[in-house]
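Notes to accompany the following structure.
There are 2 protein chains.
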Amino acid sequence: MRTSQYILATLKETPSDAEIISHQLMLRAGMIRKLASGLYTWLPSGLKVLRKVEQVVREEMNKAGAIEMLMPVIQPADLWQESGRWEQFGPELLRINDRHNRPFALGPTHEEVITDFVRKEISSYKQLPLTLYQVQTKVRDEVRPRFGVMRAREFTMKDAYSFHLTEECLAQTYQRMHQAYCNIFERLGLDYRPVIADTGSIGGSVSHEFHVLAESGEDAIAFSTESDYAANIEKAEALAPTEARPEPSKELNTFATPEAKTIADLKAQHGVKPHRGVKTLIVYGAPDENEQRGLVALILRGDHELNELKAEKHPLVDSPLEMAKEEDIFAAIGARPGSLGPVGLKMPIIVDRSAAVMADFVAGANKDGEHYSGINWDRDVAEYDVFDLRNVVEGDPSPCGKGTLQIKRGIEVGHIFQLGTKYSEAMNAGVLGENGKNQIMTMGCYGVGVSRIVAAAIEQNNDDYGIKWPTALAPFELAIVPMNMHKSHRIPDIAERLYSEFTAAGIDVLFDDRKERPGVMFNDMELLGVPFTLVIGERNLDNNQVELKNRRTGEKLMLDIDQAVAAITAQIRG
Amino acid sequence: MRTSQYILATLKETPSDAEIISHQLMLRAGMIRKLASGLYTWLPSGLKVLRKVEQVVREEMNKAGAIEMLMPVIQPADLWQESGRWEQFGPELLRINDRHNRPFALGPTHEEVITDFVRKEISSYKQLPLTLYQVQTKVRDEVRPRFGVMRAREFTMKDAYSFHLTEECLAQTYQRMHQAYCNIFERLGLDYRPVIADTGSIGGSVSHEFHVLAESGEDAIAFSTESDYAANIEKAEALAPTEARPEPSKELNTFATPEAKTIADLKAQHGVKPHRGVKTLIVYGAPDENEQRGLVALILRGDHELNELKAEKHPLVDSPLEMAKEEDIFAAIGARPGSLGPVGLKMPIIVDRSAAVMADFVAGANKDGEHYSGINWDRDVAEYDVFDLRNVVEGDPSPCGKGTLQIKRGIEVGHIFQLGTKYSEAMNAGVLGENGKNQIMTMGCYGVGVSRIVAAAIEQNNDDYGIKWPTALAPFELAIVPMNMHKSHRIPDIAERLYSEFTAAGIDVLFDDRKERPGVMFNDMELLGVPFTLVIGERNLDNNQVELKNRRTGEKLMLDIDQAVAAITAQIRG
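Line by line, the protein sequences give chains W and H.
Quick note on the UniProt record's numbering: the first sequence kicks off at 1 and runs consecutively.
Quick note on the UniProt record's numbering: the second sequence kicks off at 1 and runs consecutively.
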């Protein structure tokens with residue numbers, strides 16, 4: 001491809017509305033443009049990268065025995081009503097009406113459609129297991145689309161679905177897909193981790209996310225220092241401390257805290273170290289004798305953070321978790337948030353495992369402007385339940401039993417689930433089993449954020465000059481930059497000759513034939529992240545040489561013109 | 001691929017709701033399934049064919065210098081408002097609101113989005129010409145989706161757009177795209193024709209459609225018997241008859257026609273041959289002195305059909321054309337449709353060229369239940385305008401000047417337009433010209449109905465047993481059918497060996513390893529239209545032979561096992 005016949009669309013300035021580096025670089029390198037909030041046009045060089053991701057994903061899916069098909073973006077509402085998700089899904093599910101006023105949704109995922117398809121097409125256990133996938137445009141009407149294609153409203157996803165007679169069979173396919181996902185990210189040249197994950201709104205029991213590690217990642221991942229244990233922080237268990245709770249050594253006392261509403265205030269104004277106090281969070285749950293929605297107190301050590309997903313798993317806590325309104329708290333307790341605590345509290349109390357081993361600690365006195373010191377469990381608070389409520393923190397013991405936890409940031413680019421029978425049961429998707437009886441199928445589902453991978457790869461591979469593509473993802477394999485083409489015949493002649501020789505050798509070359517200053521051309525090629533740039537200049541030609549620049553390593557190499565094509569082709573293909 | 005691990009999904013019965021053969025065969029061969037009206041899931045074998053079409057289209061677009069990109073399906077309303085099409089487009093434009101109640105449309109076409117993109121990215125004439133394309137999911141909310149993927153609501157299209165400084169440059173690119181389209185349909189092995197077409201709601205001046213010829217086609221195409229002239233019947237000019245109009249030989253007389261409301265009635269009840277009478281159609285147009293919407297009469301020979309697009313081109317006729325309501329006709333004329341005619345009619349009269357050379361003809365007397373005979377132009381009707389108003393019919397002289405016209409049916413699978421400045425002007429898309437002044441760009445647009453091609457190819461290539469794919473489109477290149485696999489070790493051993501040898505040779509094989517009767521397997525392979533089937537049976541193995549069946553020709557060939565892979569690979573690749 002010649003730049004003169006291409007649409008390079010590079011930008012010198014960083015667009016002001018792009019917060020993260022991948023979004024900035026995708027705009028600057030001319031890979032994407034915003035059409036509207038969360039809607040992006042893929043320019044030619046961006047699309048080439050997207051297609052490379054798609055192709056690797058496809059190859060690994062086929063290798064894993066999955067079969068490609070293609071379902072519509074527009075899905076009839078009745079299937080979503082059947083699964084129950086028409087009600088459960090929030091406004092991210094973009095609902096539309098057709099010209100006859102019939103309700104449809106633009107698919108963010110296809111569990112309903114595929115389950116409907118399989119229940120109609122597959123009738124016997126002999127046709128199982130079956131894994132189907134598609135690479136397709138998905139729609140999710142995000143409340144706040146951001147970070148470019150990282151969290152867009154229209155995006156490309158690979159979604160696969162597997163169908164089985166037994167849990168064991170599902171577990172086998174799940175393992176094969178897990179391996180296929182590792183292969184995909186390996187081949188793409190990304191630093192990634194599979195991590196234990198929550199199943200969230202998709203449902204099911206076992207689940208792993210695949211994260212590309214990057215500081216800008218929205219997710220925190222906990223790793224063991226001594227094993228390959230890794231989990232989304234949402235899901236990583238905070239083990240109960242092994243040390244016993246100290247015996248009480250202080251009396252229960254109140255002290256006035258008129259200005260202290262937070263753990264930070266307590267520290268600043270009263271010298272209470274955060275890990276010596278607890279925070280008390282009031283949420284809805286635990287219906288009272290009249291089946292009225294009641295309140296529940298969650299107690300955490302002052303320096304720990306609530307993990308909502310963990311709290312939701314407690315039978316007394318409503319799911320989704322909802323913080324109690326201040327008026328409801330005041331009506332029940334007679335005090336406001338900032339002065340709450342477990343002593344004398346007339347509602348179920350759930351105490352985090354780490355808070356449960358504290359002694360002589362500080363908490364609100366359930367009276368505005370007053371706190372207790374010297375609180376001790378059992379002595380001062382008779383009834384409470386101990387539960388894992390908090391996010392793990394760096395240094396916590398690893399739940400796998402080996403080493404301690406480290407926390408890193410990651411970008412979720414894949415997610416696989418052992419769904420079980422959530423959808424097949426709701427939609428009555430069964431087959432004739434070996435015993436001749438109808439048997440509900442067991443399902444798995446497996447997603448890759450194809451367009452998001454492009455952004456995640458850039459988050460992990462960039463420098464001050466632009467993108468540093470892993471070879472498998474680069475939009476072009478080689479750039480040819482002739483310097484001052486118009487000043488001699490020799491340079492354009494050799495550039496043209498090399499361009500056609502590389503093209504004949506099957507190398508995907510971007511030939512910068514613009515009448516631009518060399519600096520402009522180099523900057524564009526670096527910004528776009530082409531892995532190798534072949535520079536053709538007068539001085540080197542005097543020695544019958546050309547220069548090869550390696551974008552990732554920065555290395556420069558002089559090559560004899562006659563050996564350039566063979567040597568560079570070998571380097572690129574090797 | 002092994003059928004045991006595939007989802008073949010063939011059907012024995014023809015689904016009752018499928019009217020045309022391609023729809024029936026796509027369902028029966030397990031290529032598609034209906035999700036909802038006009039929404040289809042592509043099964044694995046269907047998707048493979050779709051992808052083959054996509055790939056050929058892509059290769060020819062790239063060869064023609066077009067550059068691939070990808071725009072969103074969801075488009076903001078404001079761009080459509082800018083072009084004026086938000087108002088012009090009917091309910092086929094599926095309009096939606098996002099969660100913030102902002103209006104969007106699901107794109108049936110992307111003129112607005114691409115024009116907006118180019119006006120922002122391209123600033124100088126030096127960057128022109130530029131041709132961009134995408135292969136993408138499109139949405140058109142058809143009032144009556146039918147014929148499966150032939151007229152679906154969600155479908156795959158290739159749409160390309162070119163941008164130019166001058167009409168001449170546009171004409172050159174248009175010619176190159178015309179050639180690329182010919183290459184595409186040639187490579188796909190289809191019997192097709194490029195035909196002169198109307199520009200319709202897309203706009204512009206010059207336009208060609210590409211039709212796959214098939215009796216089930218919704219369009220009629222007129223061909224010259226002596227040249228390569230071909231036009232959509234909508235667009236084919238009906239030349240003025242060369243013979244002079246005979247002199248009047250009869251008196252004007254009325255006769256009672258109480259029961260005759262149509263040309264057919266006149267023939268049956270009064271012996272008036274259709275070509276000796278005229279029909280008078282009253283439409284809206286021609287405002288009167290008070291700028292009120294008036295009426296206009298269109299006069300055609302009794303055996304000819306009105307061409308609405310031609311009538312709309314007359315300055316006195318409203319566009320879109322609308323037939324006058326009976327009450328408006330009665331108020332103006334004092335008679336009802338069925339008894340109308342040109343004599344004494346007080347409104348503009350437009351006469352089709354063929355009707356204008358009639359003499360002594362019959363028409364309504366503008367009095368219910370009465371007709372005139374012996375009508376003659378000029379003598380009996382003083383003022384009238386002669387215009388091309390009718391569809392051509394077989395035997396008409398070709399507008400190219402050579403031969404006469406034949407009419408065939410076609411399926412429109414491509415449409416190219418010289419748009420001119422319709423969108424660029426409305427959206428102010430200009431570049432700096434050589435003279436340093438802003439200049440509005442000139443545009444072309446070029447569409448291929450990718451998913452429709454799959455159906456059109458089947459309409460043209462089928463028999464009683466199923467689909468007969470042209471080689472370029474077949475979902476598999478070869479089927480291996482071992483007969484009675486379970487009865488001996490020899491058959492599965494050889495089948496497995498050949499399957500891996502063909503696969504190693506790069507042939508896309510469907511290996512039917514099901515425990516089915518041979519007849520079931522043959523029927524499925526024929527239905528699916530695999531071009532070659534290799535049959536492995538006991539008797540032939542005794543002679544160390546296998547049998548190759550050619551789906552298109554029906555030929556059978558015996559091959560020595562050891563030579564089978566080389567011979568068949570050569571035949572498929574040749």
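Even glycine gets a Cβ: it sits at the ideal position worked out from N, Cα and C.
These figures come from a predicted structure and were not determined experimentally.
Rounded distance between the beta-carbons of residue j and residue i, thought under 8 Å
{"i": "W/Glu547", "j": "W/Glu412", "result": "W/Glu547 to W/Glu412, Cβ: 41 Å. No contact."}
{"i": "H/Gly369", "j": "H/Ala297", "result": "Actually they do not touch by this definition, with Cβ atoms about 19 Å apart."}
{"i": "W/Pro194", "j": "W/Ala160", "result": "Contact doesn't hold; Cβ gap of about 16 Å is too wide."}
{"i": "W/Leu340", "j": "H/Asp98", "result": "Not quite, the Cβ-Cβ distance comes to about 40 Å (not below 8 Å), so this is no contact."}
{"i": "H/Arg245", "j": "H/Val362", "result": "Rounded, the Cβ-Cβ distance is 16 Å, inconsistent with contact."}
Simplified DSSP assignment, three categories, for residue i
{"i": "H/Pro492", "result": "helix"}
{"i": "H/Tyr229", "result": "coil"}
{"i": "W/Asn540", "result": "helix"}
{"i": "W/Val195", "result": "strand"}
{"i": "H/Trp86", "result": "helix"}
{"i": "W/Asp265", "result": "helix"}
{"i": "residue 654 of chain W", "result": "In this structure chain W extends from 1 to 574, so residue 654 of chain W is not present and cannot be described."}
{"i": "W/Tyr6", "result": "coil"}
{"i": "W/Gly420", "result": "strand"}
{"i": "W/Ile122", "result": "coil"}
{"i": "H/Gly447", "result": "strand"}
{"i": "W/Glu370", "result": "strand"}
{"i": "W/Gly519", "result": "helix"}
Chain W within 8 Å of residue i, Cβ atoms only
{"i": "H/Thr109", "result": "no"}
{"i": "H/Pro65", "result": "First, the residue type needs correcting, since residue 65 of chain H is Gly and not Pro in the sequence shown. Closer than 8 Å: yes."}
{"i": "H/Ile349", "result": "no"}
{"i": "H/Ile458", "result": "no"}
{"i": "H/Asp141", "result": "yes"}
{"i": "H/Pro15", "result": "no"}
{"i": "H/Gln5", "result": "yes"}
{"i": "H/Val57", "result": "no"}
{"i": "H/Glu434", "result": "no"}
Proximal residues to residue i (C-beta, below 7 Å), its chain only, five neighbours per side dropped
{"i": "W/Gln560", "result": "The amino acid at residue 560 of chain W is misidentified as Gln; the sequence shows Asp. Cβ within range, chain order: Asn544 and Gln545."}
{"i": "W/Leu306", "result": "Leu281, Leu298, Leu300, Leu389 and Arg390"}
{"i": "H/Glu237", "result": "Asp388 and Pro399"}
C-beta neighbour in chain H for residue i, strict 8 Å
{"i": "W/Val73", "result": "yes"}
{"i": "W/Arg144", "result": "no"}
{"i": "W/Asp508", "result": "no"}
{"i": "W/Trp42", "result": "yes"}
{"i": "W/Ala36", "result": "yes"}
{"i": "W/Leu94", "result": "yes"}
{"i": "W/Pro475", "result": "no"}
{"i": "W/Phe147", "result": "no"}
{"i": "W/Thr137", "result": "yes"}
{"i": "W/Glu289", "result": "no"}
{"i": "W/Met177", "result": "no"}
8 Å Cβ shell around residue i - same chain, five flanking residues per side excluded
{"i": "H/Met427", "result": "Leu79, Glu82, Ser83, Glu112, Thr115, Asp116 and Arg119"}
{"i": "H/Leu478", "result": "Phe502, Ile507, Asp508, Val509, Leu510, Val530, Pro531, Phe532, Thr533, Leu534, Ile568 and Ile572"}
Under 7 Å by beta carbon: chain B residues contacting residue i
{"i": "W/Ala9", "result": "No chain B appears in this structure, whose protein chains are W and H."}
Sequence-distant residues of the same chain with beta carbon closer than 6 Å to residue i, five excluded per side
{"i": "H/Cys169", "result": "Pro129"}
{"i": "H/Ser216", "result": "Ile20 and Glu459"}
{"i": "W/Ala240", "result": "Arg353"}
Three-pair Cβ contact test at 8 Å for the region 77-91 of chain H versus the region 381-400 of chain H: Touching, no, given that fewer than three Cβ pairs across the two stretches are closer than 8 Å.
Cβ pair count under 8 Å reaching 3, the region 378-387 of chain H against the region 268-280 of chain H: Short answer: they don't touch.
Inter-stretch contact (C-beta, 8 Å, three-pair minimum) for the region 123-130 of chain H and the region 144-153 of chain H: Three or more Cβ pairs closer than 8 Å define a contact, and the region 123-130 of chain H falls short of that threshold against the region 144-153 of chain H.
Inter-stretch contact at 8 Å, needing at least 3 Cβ pairs: the region 4-22 of chain W / the region 433-447 of chain W: In short, these stretches do not touch, since the Cβ pair count stays below three.
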